[in-house]
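Participant:
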Amino acid sequence: MLLVVFYHAGFTTIKGGFIGVDVFFVLSGFLITLILDREIRTGEFSFKKFYLRRIRRLLPALLFVLVVTSVFCFYYLVPGDLIAYGNSLRYALLSLSNVYFWLNTGSYFSKNVDELPLLHTWSLSVEEQFYFVWPVFLLAMSRFFSRTTTWVLFILGFFAAFGIADWAAVNKASAAYYFLPTRAYELMLGAGLALAWDDFPRLNARQNNLLSLVGLSMIIGTSLLLNKSQVFPGVNALWPCLGTALLIASGKHQEQAGIVNRILAIKPVVAIGLISYALYLWHWPILALINYQGIELTKPVASFAIGASVIMAVLSYFFIEKPFRTKLIFSFEKSFVIWLLIPLVVSVFGYQYVQGKDGFKERFENLFNPSNKVLPDLEKANLGKLSGSYLGVKKEKLDGLFIGDSMAGAYLDFVNVLAVDARLFIYGSHLSGLPPFLGQFDYPREDALETRTPDKLEQNELRIKEAGNYRFVILSASWANGFPYLGHSEEDINRTIEYYINNKVKVIVLWKPNFFGGARIYNQAVAQLMRTKTLVDFKIKDQPTKIVADLKEKYPDIILISPNDVLCKDGECDVQIDGTFIYSDQAHLNRLGSFLLGEKYLKINGNPLSGL
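Those letters in the sequence shown? Residues 64 to 675, by the numbering used here.
1) How is the beta strand (DSSP E) around Leu-449 delimited, first residue to last?
2) Helix, strand or coil: which one does DSSP assign to Gly-502?
3) So, under 8 Å CB-CB, Val-638 and Leu-598 are touching, yes? Tell me the CB distance rounded to an integer number of Å.
4) So, at 8 Å on beta carbons, what are the nonlocal neighbours of Ile-353 in its own chain, with the 5 sequence-adjacent residues on each side left out?
5) Return the first residue and the last residue of the beta strand (DSSP E) that His-183 is part of.
6) Note the first and the last residue of the continuous beta strand (DSSP E) segment covering His-316.
7) Work out the CA separation of Gln-418 and Leu-90 for me, nearest whole Å.
8) Please name the residue in Ala-247, Lys-78 and Gln-522 whose C-alpha comes closest to that of Lys-291.
9) Under a Cβ-count criterion, where at least 16 other Cβ atoms within 10 Å of its own Cβ denotes burial, should Trp-230 be classed as buried or exposed?
10) Can you give me the C-alpha to C-alpha distance between Ile-622 and Ser-539, rounded to a whole angstrom?
11) From Gly-357, Arg-388, Asn-479 and Leu-159, pick the residue whose C-alpha is nearest to that of Gly-656; which is it?
12) Using only the alpha-carbon positions, how far apart do Ala-320 and Ser-366 sit?
13) Where does Glu-616 sit, in a helix, a strand or coil, going by DSSP?
14) Mapping DSSP to helix, strand and coil, what is Leu-622?
15) In the structure shown, what three-state DSSP assignment does Gly-467 receive?
16) Determine the direct distance from the alpha carbon of Gln-587 to that of Gln-522, and round the result to whole angstroms.
17) Terminal residues of the continuous alpha helix (DSSP H) containing Leu-140?
18) Measure the alpha-carbon distance for Val-570 versus Asn-429 and round it to whole angstroms.
19) Using the Cα positions of Glu-190 and Asn-175, report the straight-line distance between them to the nearest angstrom.
20) Say whether the stretch 253-261 touches the stretch 281-290, bearing in mind that this needs 3 or more beta-carbon pairs closer than 8 Å, one atom from each stretch.
21) May I have the straight-line CA-CA distance separating Lys-663 from Glu-178, to the nearest angstrom?
22) Any idea what DSSP makes of Ile-603, helix, strand or coil?
23) If we count the other Cβ atoms within 10 Å of its Cβ and call it buried at 16 or more, is Val-196 buried or exposed?
24) Name the DSSP beta bridge partners of Ala-444, please?
25) Check whether the Cβ of Pro-331 sits closer than 6 Å to any heavy atom of the ligand COA, and report yes or no.
26) Hey, would you say Tyr-490 sits closer than 7 Å to Leu-461, going by beta carbons?
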């Protein structure tokens with residue numbers, strides 16, 4: 064675990080410290096299988112007893128960490144991230160967080176994953192998934208097959224698992240890191256050693272010394288030479304796993320144990336081993352929340368994080384782990400209800416509640432709205448099958464439509480300011496993840512299924528066509544994300560604009576404000592606001608794009624509205640207006656920010672909607 068902790072704490076010498084998890088898998092496979100095999104052979108095994116041990120060993124400490132982490136997350140995480148945290152919490156309790164993080168991060172080494180407080184639970188999920196299958200295999204083998212047949216099937220399974228891991232590491236790298244089929248051989252390596260333990264030959268002290276030194280060298284060498292850009296797990300994970308197996312083997316007979324085993328048996332090292340599980344649980348949330356606040360992980364900060372992790376691990380071991388494992392012992396049924404069922408129910412309903420409360424945005428109301436200015440709610444309205452809001456000055460007939468994706472939703476108050484000033488009556492419709500363009504979508508993101516359902520695609524086409532019946536249409540999209548996000552070719556966008564031009568509809572393109580260029584920069588801003596209640600000299604980079612400029616060149620009669628005209632100067636852009644932070648996340652304006660931006664745009668540039 065120390066390799067993992069130092070790697071996560073930013074000690075650059077240990078570039079491959081993530082292999083500490085692989086070492087853990089081998090140790091786990093060995094220790095658990097050693098107990099399983101002996102109980103099965105003596106007839107003492109029962110699934111209830113096996114899983115009761117695991118519940119008592121793992122869940123009390125995990126729940127303690129989750130409760131404390133959740134309190135800090137409620138205080139620090141912005142609304143969208145708090146919702147995502149609540150979602151990951153459910154998956155962690157279900158032992159499915161490896162699947163969750165694969166779907167939501169892509170790769171373990173992706174940008175900003177070091178800000179996800181429960182990312183480390185992926186390995187606990189892999190381990191638990193293995194132990195849902197492994198006891199069944201061992202029990203079936205002992206009842207229906209001879210020991211020789213069991214070994215043949217085990218060896219075939221091991222090499223098949225290794226082959227899958229090696230292939231996937233090259234061809235499906237992100238999935239290979241997270242999933243059980245590509246990690247199974249590591250647990251099986253330790254398990255195989257346990258199955259052979261009673262028949263393992265007795266080695267002399269010299270042989271054990273050699274084995275232990277070679278084993279340690281394989282682990283340390285891999286941690287120093289490997290880095291996250293190399294193929295992993297696959298064959299590169301085999302070396303630390305083999306090294307761990309050699310270390311275990313060299314310590315079978317205590318009186319002739321290898322030199323490394325004797326060092327590992329001294330009291331301070333044993334003490335670290337006792338708290339290793341708790342240390343693994345604690346170190347990552349502490350580091351993740353430090354990273355989330357944008358605090359640079361200098362050596363003093365990293366040392367503080369490690370020290371805090373050790374202190375919390377010691378407290379967890381003596382006041383949570385040990386008592387519930389040795390003294391406060393419940394039956395399987397009670398343990399299941401107390402340690403798993405109730406927390407799972409609470410996490411599921413808690414997530415729904417947090418989601419329903421929109422991540423408790425009111426926690427940051429004074430940060431985003433220091434003047435406590437209250438904006439009147441925009442009038443909700445339906446236009447045929449469309450749902451949206453009325454903007455501007457209400458009349459008998461609409462003057463135009465404002466349509467777009469989530470950027471349009473963030474711009475409603477901005478457009479409302481312009482519409483009121485120009486005495487126009489506009490209907491605003493925004494559909495998250497759905498830019499207002501004709502054509503088929505090709506959207507290479509997992510959440511496409513949520514945002515681009517057949518029903519929403521139909522609504523999108525309906526509003527695009529409906530806008531052709533009015534004097535003008537305002538189009539808003541996350542242009543800066545480019546065509547992969549927009550889900551269209553340039554021809555689709557041109558076809559949409561030409562559809563309006565042919566119907567004598569004036570086209571207004573509303574460019575988005577610059578985004579932060581990453582969640583971490585946004586979190587730095589929020590963290591600074593929380594600490595000092597103000598942002599001093601905090602700017603983001605101007606990010607010009609060719610998409611909108613090319614449209615203006617091709618269709619000179621369209622009107623282009625760019626809020627960056629009033630936010631940016633010399634390549635840098637403000638993130639606040641008159642001391643008010645204008646963003647709700649790294650890309651979208653908050654309501655007050657949208658309103659203030661509209662007022663500022665009017666004051667500096669006049670109203671581009673006048674005369675329509």
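Cβ coordinates follow ideal geometry from the N, Cα and C atoms, glycine included.
Facilitator: This is what the structure gives:
1) For this step, residue 449 is matched to residue 386 along the sequence shown. Segment 449-455, the beta strand (DSSP E) holding Leu-449.
2) Here residue 502 corresponds to residue number 439 of the sequence shown, with the count starting at 1. In the three-state reduction of the DSSP assignment, Gly-502 falls in the coil class.
3) Residue numbering aside, residue 638 sits at position 575 when the sequence shown is read from its first letter. Residue numbering aside, residue 598 sits at position 535 when the sequence shown is read from its first letter. Contact holds; Cβ gap of about 7 Å.
4) Here the question's residue 353 lines up with position 290 in the sequence shown. So the list reads Leu-360, Val-364 and Ala-368, once near-sequence residues are dropped.
5) For the purposes of this step, residue 183 is identified with residue 120 of the sequence shown, where counting begins at 1. That residue, His-183, is in no beta strand (DSSP E); it is neither H nor E in DSSP.
6) Here the question's residue 316 lines up with position 253 in the sequence shown. Looking at the DSSP string, His-316 is not in any beta strand (DSSP E), and its letter there is neither H nor E.
7) Your numbering for residue 90 matches position 27 in the sequence shown. Your numbering for residue 418 matches position 355 in the sequence shown. Approximately 39 Å between the Cα atoms of the pair.
8) Within the sequence shown, residue 291 is the residue found at index 228, counting from 1. It is Lys-78.
9) Within the sequence shown, residue 230 is the residue found at index 167, counting from 1. So Trp-230 ends up on the exposed side.
10) As a first step, residue 622 is located in the sequence shown; it is residue number 559 there, counting from the start. As a first step, residue 539 is located in the sequence shown; it is residue number 476 there, counting from the start. Rounded to the nearest whole angstrom, the CA to CA distance from Ile-622 to Ser-539 is 12 Å.
11) Start at 1 with the first residue of the sequence shown, and residue 656 comes out as number 593. Out of Gly-357, Arg-388, Asn-479 and Leu-159, Asn-479 has the C-alpha closest to the C-alpha of Gly-656.
12) Within the sequence shown, numbered from 1, the residue matching residue 320 stands at position 257. Within the sequence shown, numbered from 1, the residue matching residue 366 stands at position 303. In this model, Ala-320 and Ser-366 are separated by some 34 Å (Cα to Cα).
13) Your numbering for residue 616 matches position 553 in the sequence shown. If DSSP states are grouped into helix, strand and coil, Glu-616 belongs with the helices.
14) Within the sequence shown, numbered from 1, the residue matching residue 622 stands at position 559. The residue you asked about is not Leu; residue 622 is Ile in the sequence shown. In the three-state reduction of the DSSP assignment, Ile-622 falls in the strand class.
15) The count along the sequence shown starts at 1 and reaches residue 467 at position 404. Strand at Gly-467.
16) Here residue 522 corresponds to residue number 459 of the sequence shown, with the count starting at 1. Here residue 587 corresponds to residue number 524 of the sequence shown, with the count starting at 1. Roughly 37 Å separates the two Cα atoms.
17) Translated into the one-based positions of the sequence shown, residue 140 becomes position 77. From DSSP, Leu-140 is part of no alpha helix (DSSP H); its letter is neither H nor E.
18) Numbered from its first residue, the sequence shown carries residue 570 at position 507. Numbered from its first residue, the sequence shown carries residue 429 at position 366. Spanning the two alpha carbons is a distance of roughly 37 Å.
19) Working through the sequence shown from its first residue, we reach residue 190 at position 127. Working through the sequence shown from its first residue, we reach residue 175 at position 112. Those two C-alpha atoms are separated by around 25 Å.
20) Cβ pair count under 8 Å is below three, so no.
21) For the purposes of this step, residue 663 is identified with residue 600 of the sequence shown, where counting begins at 1. For the purposes of this step, residue 178 is identified with residue 115 of the sequence shown, where counting begins at 1. Put simply, the backbone Cα of Lys-663 is about 35 Å away from that of Glu-178.
22) Residue numbering aside, residue 603 sits at position 540 when the sequence shown is read from its first letter. Here Ile-603 sits in strand by DSSP.
23) Looking up residue 196 in the sequence shown gives position 133. Exposed.
24) Reading the sequence shown from its first residue, position 381 is the one you call residue 444. Gly-451.
25) Annotation note on the ligand COA: not contained in the displayed structure, which lists no ligands.
26) In the sequence shown, counting from the first residue as 1, residue 490 sits at position 427. In the sequence shown, counting from the first residue as 1, residue 461 sits at position 398. Yes, they are a contact pair.
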